[in-house]
Each structure stands twice: as C-alpha cells, then as structure tokens.
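Quick note on our numbering: the sequence shown kicks off at 14 and runs consecutively.
A quick write-up on the structure given underneath.
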Amino acid sequence: MLALALLVASPSLTGAAFAQDKKPRTLMEMLFGGSKVEKKEAVTKNRTKPKKKSTVAKAPAEPAPLVKLDTAKPILVVGDFLGAGLANGLNSVFSQNPGVKVVERTQGSSGFARVDVYDWPSEVKVLMRAERPAAVIVLIGANDRQQIRVDKDRLEPMSADWVKEYTARATAMAAAVREQKVPLIWVGLPSFKSSKMSQDAITMNDIFRQAIATAGGIYVDVWDGFVDERGGFAASGPDINGQPARLRAADGVNLAKAGERKIAYYVERHLQKLIAGETLPALDPLGPGAPPIVAFPGGIALIDRTVPVSLVDPELDGGGELLGMSATSKPTEPESLGDKLAIEGVAPAAQRGRADDFGGMTYVVPSDALARGPETTTAITP
Numbered sequence: 014m015l016a017l018a019l020l021v022a023s024p025s026l027t028g029a030a031f032a033q034d035k036k037p038r039t040l041m042e043m044l045f046g047g048s049k050v051e052k053k054e055a056v057t058k059n060r061t062k063p064k065k066k067s068t069v070a071k072a073p074a075e076p077a078p079l080v081k082l083d084t085a086k087p088i089l090v091v092g093d094f095l096g097a098g099l100a101n102g103l104n105s106v107f108s109q110n111p112g113v114k115v116v117e118r119t120q121g122s123s124g125f126a127r128v129d130v131y132d133w134p135s136e137v138k139v140l141m142r143a144e145r146p147a148a149v150i151v152l153i154g155a156n157d158r159q160q161i162r163v164d165k166d167r168l169e170p171m172s173a174d175w176v177k178e179y180t181a182r183a184t185a186m187a188a189a190v191r192e193q194k195v196p197l198i199w200v201g202l203p204s205f206k207s208s209k210m211s212q213d214a215i216t217m218n219d220i221f222r223q224a225i226a227t228a229g230g231i232y233v234d235v236w237d238g239f240v241d242e243r244g245g246f247a248a249s250g251p252d253i254n255g256q257p258a259r260l261r262a263a264d265g266v267n268l269a270k271a272g273e274r275k276i277a278y279y280v281e282r283h284l285q286k287l288i289a290g291e292t293l294p295a296l297d298p299l300g301p302g303a304p305p306i307v308a309f310p311g312g313i314a315l316i317d318r319t320v321p322v323s324l325v326d327p328e329l330d331g332g333g334e335l336l337g338m339s340a341t342s343k344p345t346e347p348e349s350l351g352d353k354l355a356i357e358g359v360a361p362a363a364q365r366g367r368a369d370d371f372g373g374m375t376y377v378v379p380s381d382a383l384a385r386g387p388e389t390t391t392a393i394t395p
C-alpha cells in the first residue's frame, strides 16, 4: 500500500514510464522491470549468429591473357550475336597463346535476310583487306527467320523461293572469302528452345553445308553438343571437361559462358591445324606483310564428321583377314571316333559284353522249326 501511495503521489514518475513504453504495463513490471519476453528479445538481438561456411567451391580464376606479339596471326570472326559468343570462347582458348589473336567483327542483328541492314558478302571483303586474317570463321543465321525482300516480292521464310535466295546469299558469302584464298571455317547453328526455331536452324544448316561444298572449306557441326539424349534442346549439359554446366541463357537462344567455350572447342582443333600447317602450301594473296595462311583445295568441303569404319575390311585394302590371323588346312580324315560318327556316319566298334555287342551271340534254332513252317496266326503257342 505504501508503494502504491508513492506511485500515486509521483505522477511524473508514472508519466515517464508510460512515455518510454507505449504498451500497457502491470504494477509488478513497473516496480521490478520489464517482462521476461522483453529481456529474452534483448538478449537475442545482442547475440551474434555464427556465419555459415560456404560449401560451393569457387571456380579457379582464369590467368591473365598474355600480350600478343606483333607477328600474331589474326583470326577473323564474323556473323551475328552467336558469332560474338564464339569469339568470346576463342579468346579464352588462345588467351595464353601470344602468337594468335582473335579479331571479332560481328554484327549482332545482322544476317543474310536483310542486306539493306548489313551486306555480308560485300563487307567481309573490306574486313579481310583491313585485318589480313589467317582464317575466317563464320557463325550466322539466328536472325534470318524472316521474310526476304527481292525487288518488290517478299519471300516467306522457309518457302521454296526463300530457300533458293538464301542459298545464293550464303554461297556468295563463302565465295567472297575463298576469292581471297583464305581458309574458311563455317560453324553451324546450335539447337534452340523453340522447336520451330530449331527446325528452321536445321534447314539453314543444310544450306550452309551446301555453300561450303561449293566454295571449299570446313563445315563444323555443333548440333550434338547442345541437345540431350533424345535430340531435344538442352539448356544445360556437359562442358568441355565433362562437368554439368549451364550452356544456354534463360531465353534459350543466347550462349552462356560455358556454352561459348564449348562451341569454341569444336573450332579449336581445326584452327590448331591451320596455325601449325608448316607442311601445307602458304599463300600471300593480300600483298606483302600478310601472315602466312593455308588454302584448302577449291570445291572440297571438309565436314566435321567421323568416317565410319568398315568391319569387313578395317584397313580398306581389300583384305579379308585380321592382323595376325593365319589360315590352317582342315584335316582330310576324321581324327577321333566322334568325328567319324559326325562326319562319315561310322559308329565305333562295339565292345564285347556291351549292350550293343551282337557279333558274338549264337542263336539255336529248334529242329522241328522248319518242318512246322512259318507261323501265320497270332495265337500264342504254349
């Protein structure tokens, strides 16, 4: 009662208490402090939570690219936005090779359908004279699923007239590179998330393969590297080290970083052969000072496919025997009793006393058997 009287007599004390805490408080809380819940919350706020250790291993940092030599051989990459991704992958491939530099001259929104936007057969000649490349790599076509305008006509995508005109433009592109006697590597389109877009890409890849067969060069097929086991689009898959990785962007069209490196892997070995082609004839079609380049025979398309091996004639030399095989003559006469029975049908001689030994038995005929004559009835004679 005395404490209650003191509280009533001190309105400033009670007013200050309620000003600090807007919640209604009991008499015991005002006398002896806050509630257990408030103390527990205060202790929880002051407690620091231990940091969890990350279990995800960080990818090793790539080494800094080396400074390119003045005599480094330029590799010219042209095409659309997918070609730009290929150039990024090739930069990673040759970052530690000071003798090779990748020159990217792509146009992201370009293609063969809109020559009014960018005319590749004409522009590639200008780029080649300026860069003097040791090889030209083409990856294009992702923007070409649209109408082609010829004079006043508009050709619908993938129609017969569209395919004919598109083939002519792709062939003109390949011929423009080959006129300069520069090796040409044409990379086919990968699959896409849209099934219709993938079907159109297959049609365009056939056109690109035909253009390479006409002009000469290397056609690199990358389709199998970006599909699953059923042949459908794969956003993720094994990278160049066989580890699962994200290969495509979320839109199902662009390449992710691992996809850029993977598509460059298909081109890498062909470029290595060109760069190390000391035994092949070197040409200098662009004038003095141009880097040595290697020319392919005109009209020959080197398709990036494994030639099937003949199981009948592995060496393709007309032989019909495997290495180390020697023919043996068959025996003229059977050697064992089993061979005689199987080959000639002659049974082995019976052993005496065995069930099949009939040679030593003596049959006794009754004396009156001939007199009675042959038995003609079926009656049983006692």
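Glycine residues also receive a C-beta, built at the ideal position from the N, C-alpha and C atoms.
Bear in mind that the values here come from a model prediction, so they are computed numbers and not experimental data.
Nearest to residue i by alpha carbon, out of the options?
i	options	result
Val266	Pro76, Met171, Gly98, Pro78	Gly98
Val90	Ile150, Ser135, Leu354, Ile276	Ile150
Glu273	Pro203, Gln223, Phe246	Pro203
Thr184	Ala214, Pro76, Trp133	Trp133
Ala228	Ala187, Thr216, Ala363	Ala187
Ala155	Arg367, Asp93, Leu103	Asp93
Phe205	Pro196, Trp199, Phe125, Gly238	Gly238
Asp358	Ser105, Leu79, Leu350	Checking the displayed sequence, the identity of residue 358 turns out to be Gly instead of Asp. The option with the nearest alpha carbon to Gly358 is Leu350.
Leu197	Lys286, Asp129, Ala143, Ala126	Lys286
Trp199	Ala77, Tyr279, Gln364	Tyr279
For the alpha helix (DSSP H) that contains residue i, what are its first and last residues?
i	result
Gly250	No alpha helix (DSSP H) holds Gly250; the beta strand (DSSP E) holding it covers 249–251.
Arg162	Counting along the chain, Arg162 falls outside any alpha helix (DSSP H), though it belongs to the beta strand (DSSP E) covering 161–163.
Ala148	No alpha helix (DSSP H) contains Ala148, which is instead part of the beta strand (DSSP E) from 148–152.
Glu178	173–191
Ser135	133–144
Ile288	270–288
Roughly how many whole angstroms lie between the Cα atoms of residue i and residue j?
i	j	result
Ala295	Pro170	The pLDDT assigned to Ala295 is 33, lower than 50, so where the model puts this residue is not dependable; a value taken from the coordinates is nonetheless given after this. Taking the straight line from one Cα to the other gives about 41 Å.
Ala262	Gln212	19 Å
Ala258	Ile276	13 Å
Phe246	Val240	5 Å
Ala224	Lys194	16 Å
Ile220	Asn110	34 Å
Ile161	Tyr131	13 Å
Arg182	Arg145	23 Å
Ser108	Ile253	17 Å
Ala189	Ala248	35 Å
Gln159	Met217	12 Å
Glu281	Val106	7 Å
Glu11	Ala271	Any property of residue 11 remains undetermined from this structure, which presents the chain solely from 14 to 395.
Ser208	Thr84	45 Å
Ser122	Val137	16 Å
Asp352	Gln256	59 Å
Arg142	Glu242	44 Å
Ser135	Gly201	21 Å
Ala173	Leu140	32 Å
Met210	Pro78	36 Å
Ile215	Arg222	11 Å
Ile356	Ala226	60 Å
Leu299	Asp264	At Leu299 the pLDDT is 38, less than 50, meaning the model places this residue with poor confidence; the figure from the coordinates comes in the next sentence. About 41 Å.
Ala126	Asn104	29 Å
Asp129	Ala100	25 Å
Tell me which residue opens and which closes the beta strand (DSSP E) that residue i is part of.
i	result
Trp199	197–200
Gly92	86–92
Gly230	230–233
Glu117	113–117
Pro257	257–259
Leu168	166–168
Could you check how far apart the C-beta atoms of residue i and residue j are, in whole angstroms? I think they sit under 8 Å.
i	j	result
Lys408	Ile288	This structure does not reach residue 408, given that the chain is present from 14 up to 395, and the question cannot be answered.
Thr119	Gly96	4 Å
Arg167	Gly230	Contact doesn't hold; Cβ gap of about 31 Å is too wide.
Gly244	Leu260	Actually they are not in contact, since the Cβ atoms of Gly244 and Leu260 sit about 16 Å apart, beyond 8 Å.
Leu354	Ala362	That belief does not hold up - the Cβ atoms of Leu354 and Ala362 are roughly 12 Å apart, past 8 Å.
Asp157	Gly124	4 Å
Leu268	Ile88	That pair is no contact at about 18 Å.
With a cut-off of 8 Å, do at least 3 Cβ pairs link the region 167–181 to the region 228–235? no
Using a Cβ distance threshold of 8 Å, determine whether the region 95–115 contacts the region 148–163, with at least three qualifying pairs required. yes
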